[in-house]
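Just below is one structure, and these are the notes that go with it.
Chains as they are written, first to last, in this note's numbering: chain U, 11 to 124; chain P, 314 to 618.
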C-alpha cells in the first residue's frame with residue numbers, strides 16, 4: 011500500500027515532504043527510543059513515535075524509512091520539519107495515541123518484524 | 314538512492330521541473346483572420362489536432378480539429394478562424410511546476426495547453442503529455458548518469474591505485490551537545506560507502522554502528538572524531554573523544570544500562586542500547602576508556618564474512 015493511501019485512510023495530516031507520498035510501505039515499527047528504532051526498524055517501514063525533535067529525521071534517513079507518524083496530535087518542531095523537507099522524509103501527524111494508530115495500521119494489513 | 318525509489322524520484326522531479334523547461338517552444342499558430350479551410354493542410358502536415366490562435370503576441374483562442382469538422386459539416390470552409398475558435402482558453406504558465414500541468418491534463422482531458430509567460434502574457438510555447446514524458450525521461454537520464462559517474466569513479470578507486478596496501482581515511486568532526494547535526498557523520502559515511510560500491514548489507518551495519526557511536530560523542534562529550542579507514546576487504550571506524558570516559562566498561566555494555574541524564578532520555582536517546590547495537594552490527598568491537606581522559610572505540614566490519 012502506498013503512503014498516500016494510508017494517509018487518506020487514517021486521516022493523518024502531512025507536515026513535510028508531500029512529494030514523497032507515492033512510496034510503497036512495507037511494514038511498521040513503534041518506539042520512542044532512537045536506538046531501538048536504529049536496531050529494529052526496516053527499510054520502507056513507517057515509524058510511529060511521540061518524539062518531535064529533529065533527530066527523528068536523521069534516524070529515518072539512515073534507516074530509509076517510508077515516513078514518520080507522530081502521535082497524540084503532537085506538532086513536530088520547526089527545525090524537524092525543515093530538515094524533513096530537505097531530506098524528503100514525510101512526517102505525518104495523527105490525533106490518535108500509539109496503541110490506536112498501530113491497531114489501525116494492523117487492520118490495514120501492515121505487519122512489523124515478528 | 315535505491316533502485317526501487319524510481320517512482321518517488323519521478324514525483325519529486327514533477328515538482329522540480331517547470332513547464333517552461335519541458336514545453337515545445339516552436340509553436341505553429343494561426344491568425345484570427347485565416348480561413349478555417351486552410352487548417353486542413355496545416356493539421357495534416359504537422360500531425361496536429363489543434364492550434365493556438367494568435368493576434369500579434371496575444372493568445373486570443375484555440376481551434377481544434379473538432380471545430381474544423383463541425384465547420385466542414387456546416388459547409389463553411391471560408392469562414393474565418395475567429396468565428397469558430399474557442400475563446401476561453403485554458404493555459405499554463407512557464408514558471409509552473411510540471412505537476413500542475415499533470416493535474417490539469419487529468420482534470421480537463423485536453424491534448425495540449427498553450428503556455429504563457431506570466432509577466433508579459435505572451436505565448437511562449439505549447440505543452441502536450443508527450444512533452445512532459447520526454448522532459449522527465451531526459452532529466453532522469455541526466456540524474457542517473459551523474460550518480461553512475463560518481464559510482465563508477467569511486468568503485469574503481471581500489472583497482473586504479475597501485476600500492477601494496479591501500480586504505481582511504483575519512484575523518485568527521487563531531488561536536489558535543491550539537492543535536493542539530495547529530496547523525497550527519499553517519500549519513501555522510503553511508504553515502505560515501507554506497508558510492509564506493511559496497512554491499513547494502515555492509516553499509517547498513519556500518520550506518521547503525523557509526524550512528525550510535527556518533528550519538529555517544531554528542532550526548533556525553535564536548536567533542537570527538539569519527540575516523541573511517543576503508544580497506545579493500547574491511548572497514549574500520551574509530552570513534553575517539555576526550556570526554557569524561559567510562560568508569561565501568563563491563564556495565565556500560567549491558568543492554569539497558571545508561572548514565573544519560575533525564576533530558577537526553579526525553580529526546581529518545583540514552584536507552585542504554587547504543588553499545589550493544591554497535592556490538593551486534595560490527596564484526597569486532599574494541600572499547601578502551603580512561604576516566605577523565607576520554608574514550609576510544611574501534612569497530613571493524615568485514616566485507617566478506
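A virtual CB, placed ideally from N, CA and C, is assigned to each residue, including glycine. The structure presented is a predicted model; accordingly, all values stated were derived computationally and were not measured.
Proximal chain P residues relative to residue 103 of chain U, where beta-carbon distance stays under 7 Å: Going along chain P, no residue has its Cβ under 7 Å from residue 103 of chain U, so there is no contact; the nearest lies around 17 Å.
Do residue 539 of chain P and residue 527 of chain P count as a contact pair if the criterion is CB distance below 8 Å? yes
Which chain P residues are close to residue 61 of chain U, counting only those with a beta carbon under 8 Å from its beta carbon? 580, 581
Nonlocal neighbours in the same chain, by C-beta distance under 7 Å from residue 109 of chain U, ignoring five residues either side: none
Which residues share a DSSP beta bridge with residue 57 of chain U? U:39, U:78
With DSSP run on the structure shown, which of helix, strand or coil describes residue 410 of chain P? strand
At what residues does the beta strand (DSSP E) containing residue 554 of chain P begin and finish? 547-554
Listing by chain order, which chain P residues have their CB less than 7 Å from the CB of residue 71 of chain U? 500
Report buried or exposed for residue 523 of chain P, applying the criterion of at least 16 other Cβ atoms within 10 angstroms of its Cβ. buried
For residue 89 of chain U, would you say it is in contact with chain P, using Cβ-to-Cβ distances shorter than 8 Å as the test? yes
Short-range partners of chain U found in the region 518-537 of chain P, where Cβ spacing is below 7 Å: 520, 521, 524, 525
Between the Cα of residue 548 of chain P and those of P:589, P:606, P:483, spot the shortest distance and give me the residue it belongs to. P:483
Alpha carbon to alpha carbon, how far is residue 388 of chain P from residue 96 of chain U? 60 Å
Mind listing which residues of the region 20-39 of chain U have their C-beta closer than 7 Å to chain P's C-betas, in chain order? 29, 30, 32, 33
Rounding to the nearest angstrom, what Cα-Cα distance links residue 571 of chain P and residue 608 of chain P in this structure? 16 Å
Just checking: is the beta-carbon of residue 68 of chain U within a distance shorter than 8 Å of some beta-carbon in chain P? yes
Does the Cβ of residue 338 of chain P have 16 or more other Cβ atoms within 10 Å, making it buried, or fewer, making it exposed? exposed
Could one say the Cβ of residue 117 of chain U lies closer than 8 Å to chain P's Cβ atoms, at least one of them? no
If you draw a straight line from the C-alpha of residue 471 of chain P to the C-alpha of residue 601 of chain P, how long is it? 31 Å
Taking the C-alpha atoms as reference points, what is the distance between residue 629 of chain P and residue 502 of chain P? Lying outside 314 to 618, the shown extent of chain P, residue 629 of chain P is not represented and no answer is given.
If you follow the alpha helix (DSSP H) that residue 487 of chain P is part of, which residue opens it and which one closes it? No alpha helix (DSSP H) holds residue 487 of chain P; the beta strand (DSSP E) holding it covers 481-488.
From the DSSP secondary-structure annotation, give me the bridge partner or partners of residue 368 of chain P. P:371
Would you grab the beta carbon distance between residue 386 of chain P and residue 367 of chain P for me? Rounded to a whole angstrom, and I think it's under 8 Å. 26 Å between Cβ atoms; not a contact.
Test: residue 56 of chain U CB closer than 8 Å to a CB of chain P: no
Does the beta-carbon distance from residue 71 of chain U to residue 101 of chain U come in below 8 Å? no
Exposed or buried, residue 113 of chain U, counting other C-beta atoms within 10 Å across all chains shown (16 or more means buried)? exposed
Which of the three DSSP states, helix, strand or coil, is assigned to residue 396 of chain P? helix
Using a beta-carbon distance cut-off of less than 8 Å, what residues from the region 471-498 of chain P approach chain U? 492, 493, 495, 496, 497
Pairwise C-alpha distance: residue 42 of chain U and residue 569 of chain P: 14 Å
Looking at residue 34 of chain U: is its Cβ nearer than 8 Å to the Cβ of residue 53 of chain U? no
Using a Cβ-Cβ cutoff of 9 Å, what residues of the region 590-604 of chain P are near chain U? List them in chain order. 590, 593, 594
Just the chain P side, please: which residues come within less than 9 Å of residue 75 of chain U by C-beta, in chain order? Within 9 Å Cβ-Cβ: nothing; residue 75 of chain U doesn't reach chain P, min ~13 Å.
Once DSSP output is grouped into helix, strand and coil, what is the label at residue 16 of chain U? helix
Measure the alpha-carbon distance for residue 332 of chain P versus residue 445 of chain P and round it to whole angstroms. 8 Å
With DSSP as the reference, identify every bridge partner of residue 441 of chain P, one or two as the case may be. P:425
Within chain P, partners of residue 11 of chain U - CB distance below 9 Å: Simply none; closest approach about 14 Å.
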